[in-house]
Amino acid sequence: EGAERWRLSYGGVAHQDLLRAPTASERLSNDVVTTMYPSIHHVALWAEWAEKTGLDDRPMLICEFSHAMGNSNGSLDQYLDLFWNQPAIAGGYLWDWRDQGLAETDHNGRFFWAYGGHFGDEPNDANFCINGLVGPDLVPHPAMRELAWGARPVTVEHLSGKRVRVTNRYAFADLSGLQLRWSVEVDGRRVERGTLDIDLRAGASANVTIPFTTKRPGGEAHLLVETVTRRATPWCAKGHVVAWDQIALNDMVAAVPRPKRRRAIEVETCDTGIAAVVIDGETVVCGDIRGWLWRAPTDNDGVGQGWMSEVMGVRIDWLRWGLDRLTSEVDSITRRTRNGIETITLMRRLVGASAEATHRTKITVVDGVATFAEQIVVPAEWHDLARVGVRFEAPGDLDQLTWFGPGPLETYPDRKASGIVSRWTSTVD
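In the numbering used here, the protein residues as written are 1 to 429.
1. Would you be able to state if there are at least three C-beta pairs under 8 Å between the region 230–237 and the region 169–179?
2. Unbroken beta strand (DSSP E) runs of length 3 or more, entirely within the region 362–412: which are they?
3. Please report how far the alpha carbon of Ser328 lies from the alpha carbon of Arg348, in whole angstroms.
4. Where does the unbroken beta strand (DSSP E) through Val186 begin, and where does it stop?
5. Just how far apart, CA to CA, sit Ile279 and Phe372?
6. What are the residues that DSSP puts in a beta bridge with Asn127?
7. Reducing DSSP to helix, strand and coil, say where Ile325 ends up.
8. Following the continuous beta strand (DSSP E) through Arg348, name the residue where it begins and the one where it ends.
9. When you compare each of Ser72, Asp31, Arg338 to Asp57 by their alpha carbons, which one comes out closest?
10. Is Ile40 helix, strand or coil when you go by DSSP?
11. Mark Arg152 as exposed unless 16 or more other C-beta atoms lie within 10 angstroms of its C-beta, in which case mark it buried.
12. Looking at the secondary structure, which residues open and close the alpha helix (DSSP H) in which Ala143 lies?
13. Would you tell me roughly how many angstroms separate the C-alpha atoms of Arg435 and Phe83, rounded to the nearest one?
14. Closer than 8 Å is the cut-off here; do at least three beta carbon pairs connect the region 345–361 with the region 320–335?
15. Report all residues from its chain with a CB closer than 6 Å to the CB of Gln100; omit the five preceding and five following residues, and keep chain order.
16. Between the C-alpha atoms of Ser160 and Arg360, what's the straight-line distance to the nearest angstrom?
17. Cys270 and Pro395 look like a contact to me (Cβ under 8 Å); what is the Cβ gap, rounded to whole Å?
18. Quickly, what does DSSP pair Ser418 with across the bridge? List them, please.
19. His141: buried (16+ other C-beta within 10 angstroms of its C-beta) or exposed?
20. Span of the beta strand (DSSP E) holding Tyr502?
21. Taking just the CA atoms, how far does Val421 sit from Asp187?
22. Under DSSP, the beta strand (DSSP E) around His158 begins and ends at which residues?
23. Starting from Ile62, follow the beta strand (DSSP E) in both directions and report where the run begins and ends.
24. Output the boundary residues of the beta strand (DSSP E) element that contains Gly218.
25. Out of Gly340, Ala357, Leu293, Met69, point me to the one whose CA is closest to Leu133's CA.
26. Could you check whether the region 92–109 touches the region 59–79, counting it as contact only if at least three pairs of C-beta atoms, one from each stretch, sit closer than 8 Å?
27. Please list, in chain order, all residues of the same chain as Ala275 whose beta carbon is under 7 Å from its beta carbon, the five residues on each side excluded.
28. In the DSSP assignment, the beta strand (DSSP E) including Val208 goes from what residue to what residue?
29. What are the residues that DSSP puts in a beta bridge with Arg335?
30. Taking the alpha-carbon positions, what's the Gly302 to Ala171 distance?
31. Quick one: Cα of Ala264 to Cα of Lys362, how far?
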């Protein structure tokens, strides 16, 4: 009865004061539909229902839909895709903008960002104030790039061949202050580039031809189209990238680089697995290649959240399964050579607290090239894994990394839409 009276009172106030600010909370007395952390499926279903039935003409404005604590913010692209394409959805908010840490030094004089509990304060919220898209010093966290891509004001969609569709997502501004900058890469190496002038009114789209000449690239080809500023502004330099889209121009996959000369490769094994991998007399792997299902837990896995770390987060399951202390037991090692092709196969078990996984390593050596194929089969009990991969030790002087794939920042299955396929370099650290 009380709730009904509250709802009726809200309706009366709304009728009398048409110019008041809209209200938003998880209650019936709302001008918008809002909720905390709804699933993508739930948001899509509600939008479809609202559009089809017309039974609720309020927009959905999600009060929180993504939590930026630690290494997080997965599936941003899917949420923002709904925001852009469903008229019933006004958008949503991320929690939150900035880590609320305080500059401190430890007893060794090392700098760190302090939070709840670092000052002897009890009770405290532990690290629950360290959940921003940027650090206390405003340095962006990696997820910020994914958000920037999902919220980009200009999109480029491939139609066919050299034709693309450019859309201005701005609500009021045209594109006169921006320019398209394009480039074509084959196997991560740029083969041509150019610029295009384009001016679209707010909300408009146009079909555009990108005048690249590459016809038979002979490798994995991608077209990158960036929207950049024509001139410097009070907030950015000339040529600042405000939006980008990458288009695969063919279905080819980049070939594995072949050595210029045949190299001598030796794979040394022992009772416990692989002892070393030596190429032309230089050791490149100096220990076993072990299946690895563990990583450092993140904040959202249940680390550092005070009392909540003991009752929330998948970290509790990982420790119970023993993923942090798996032992690798060798079942068999076989070697054979046929027609100049050497094959080494290792079968192992990764033994946990109450179950075990199987790990197969197959190494094929032919014409101076070694190919490693890893297969790990986990038990059904381990239903939410920290990581599936391998770990090995390399000499300390191998400190540079080059990869062909999405970059320049780390990408994950649920946070890779902003990645640009190219040839990237980094330090191992």
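The beta carbon of each residue, even a glycine, is placed where N, CA and C say it ideally should be.
Answer, in terms of the structure:
1. Three or more pairs of CB atoms, one per stretch, sit closer than 8 Å, so the region 169–179 contacts the region 230–237.
2. 369–377, 389–391, 400–407
3. 6 Å
4. 178–186
5. 14 Å
6. DSSP lists no partner for Asn127.
7. Per the sequence shown, residue 325 should be read as Arg rather than Ile. In the structure shown, the three-state DSSP call for Arg325 is helix.
8. 341–351
9. Asp31
10. Note: Ile40 maps to helix in three-state DSSP.
11. buried
12. 143–150
13. Because residue 435 is not part of the residues shown, which for the chain are 1 to 429, the question remains open.
14. Short answer: they touch.
15. Cys129
16. Distance between the alpha carbons of Ser160 and Arg360: 42 Å.
17. Not quite, the Cβ-Cβ distance comes to about 18 Å (not below 8 Å), so this is no contact.
18. According to DSSP, which records beta bridges pairwise, Ser418 is partnered with nothing at all.
19. buried
20. Not covered by the structure: residue 502. The range shown for the chain is 1 to 429.
21. If you take the alpha carbons of Asp187 and Val421, they lie about 9 Å apart.
22. 154–160
23. 60–67
24. Gly218 -> no beta strand (DSSP E), and no H or E assigned at all.
25. Considering only alpha carbons, the answer is Met69.
26. Yes: at least three Cβ pairs fall under 8 Å.
27. Only Glu268, Thr269 meet the Cβ criterion.
28. 205–209
29. Paired residues: Ile344.
30. 40 Å
31. 18 Å
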